[in-house]
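Numbering (our numbering), first residue to last: 1 to 331. Note that beta-carbon positions come from the ideal geometry of N, C-alpha and C, so glycine has one too.
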C-alpha cells in the first residue's frame, strides 16, 4: 500500500476540527492533500449541463479547490442518461483546461446498472471505463460505492490491490458502509495483507446524525477520513425550503421537504441567526459546522451554477465559535 505520511487528524483538542494549511488537510496514511470542501459532481450531466459544469469547476479551482467527487453511476437515473455522464464532463473539462496541479479525483464503483456489485471482474472493468471517461491514468481515491455483502471483502480488497499495483488507483475508500462493516473491512485488510480503506463517505449533516453513533467511533479509532455526502440535507439547509414558502423549482424539492418539521424550523432559525452574524448564507454555516466535526476533512456539496457555489466556498474559511457549534449540535 502506498502512503505512509503522518496523520493530521487531532481529536479531543478543543479545535472542533482538523489542522489545515491554507485550507488544506492531508488524508491520514496518504500523501493526498485536499481542500476543505469537496465539490460533488453528481449534478454534472444532470441538472448542470456541460457549459454550466465547466463554469462551476472553473470557479471552484479559482477559489483554491482541488477535490472533486464523482461516480460511474452519475447520473444514470436521469432521463436520456446511461451513467458515466459526470465523469465524461470532468474528463472533457480536464482536457480543455489542463489538470490543475494537485487536483484530486475521487470516483466510485458498484452502483452503475450492469456493474452494480464489487466482484473483482466488475471492479477491473469499471475502473478502466472510469479512467477512459476521465482521461487520466490514475484515480486518486477509488470508492466502493455501496457495501456488496454478496462478495467476500477479501476479493473486493484484492481487486482494489491489483489496481493500486498497476498504478490505476492511488488509494481506496468506502461509501455507505456501516461502522460494523467498515471495521470488518479494515480487519480483513490487516489480516490478509490487503489495501486498507483510508476514507469513508457517509450520509451525514445537521439533520442526519446517525454517523456520530455508528461510523464515527470507527473512523476516530482507525484514523479514517470522513467525507460526508448530502452536506446540505438534499438542499434543505440552504434555507430555500420553508413552511408556507414559495415553491422552489428544483428536482430535490420533494426530498428536501421531508425535513420541514418542528426540528427543521428550529434549525433554519439558528442557521439564519448565525449566518447573519457572519455575513454569509445559511448554507455556508451548515457546511462549516460539518467540516468542524471530528474525523471530517471535507464535506461534499454540489452546485449547478456559480451562485450556488459561492456559499459553499465561503464555508471552507468560515470559523464558527464553540457556542455556535454547540447551538447547532444541540438541535
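First through last residue of the alpha helix (DSSP H) which encompasses residue i
| i | result |
| --- | --- |
| residue 60 | 50-62 |
| residue 307 | 306-315 |
| residue 282 | 282-291 |
| residue 191 | 179-192 |
One or two residues paired with residue i in a DSSP bridge
| i | result |
| --- | --- |
| residue 67 | 104 |
| residue 139 | 169 |
| residue 205 | 208 |
| residue 229 | 203 |
| residue 160 | According to DSSP, residue 160 bridges with nothing at all. |
| residue 296 | 226 |
When the options are compared against residue i, the one with the closest alpha-carbon
| i | options | result |
| --- | --- | --- |
| residue 75 | 45, 331, 139 | 45 |
| residue 218 | 178, 231, 205 | 178 |
| residue 306 | 43, 215, 30 | 43 |
| residue 195 | 185, 202, 201 | 185 |
| residue 234 | 117, 323, 127, 300 | 300 |
| residue 331 | 182, 61, 266 | 266 |
| residue 59 | 26, 39, 131 | 39 |
Whole-angstrom C-beta distance between residue j and residue i, which should lie under 8 Å
| i | j | result |
| --- | --- | --- |
| residue 23 | residue 84 | Not confirmed; about 30 Å, so no contact. |
| residue 111 | residue 146 | 6 Å |
| residue 303 | residue 136 | Not quite, the Cβ-Cβ distance comes to about 23 Å (not below 8 Å), so this is no contact. |
| residue 238 | residue 282 | 6 Å |
| residue 140 | residue 109 | Going by Cβ atoms, the distance from residue 140 to residue 109 rounds to 14 Å, so no, they are not a contact pair. |
| residue 224 | residue 199 | 6 Å |
Residue i classed as buried or exposed, judged by whether at least 16 other C-beta atoms fall within 10 angstroms
| i | result |
| --- | --- |
| residue 77 | exposed |
| residue 148 | buried |
| residue 114 | exposed |
| residue 269 | exposed |
| residue 323 | exposed |
| residue 28 | buried |
| residue 69 | buried |
| residue 180 | exposed |
| residue 291 | buried |
| residue 21 | Summary for residue 21: the model assigns pLDDT 38, below 50, so the residue's position carries little reliability; its value from the coordinates is reported in the next sentence. Label assigned to residue 21: exposed. |
| residue 316 | buried |
Opening and closing residue of the beta strand (DSSP E) in which residue i lies
| i | result |
| --- | --- |
| residue 198 | 197-201 |
| residue 128 | First-last for residue 128: 120-134, but that is the alpha helix (DSSP H), not the beta strand (DSSP E). |
| residue 26 | 24-26 |
| residue 34 | 33-35 |
| residue 40 | 38-40 |
Residue i: CB within 8 Å of a non-hydrogen atom of the ligand NAP
| i | result |
| --- | --- |
| residue 214 | What this structure holds is no ligand at all, so the ligand NAP is not there to describe. |
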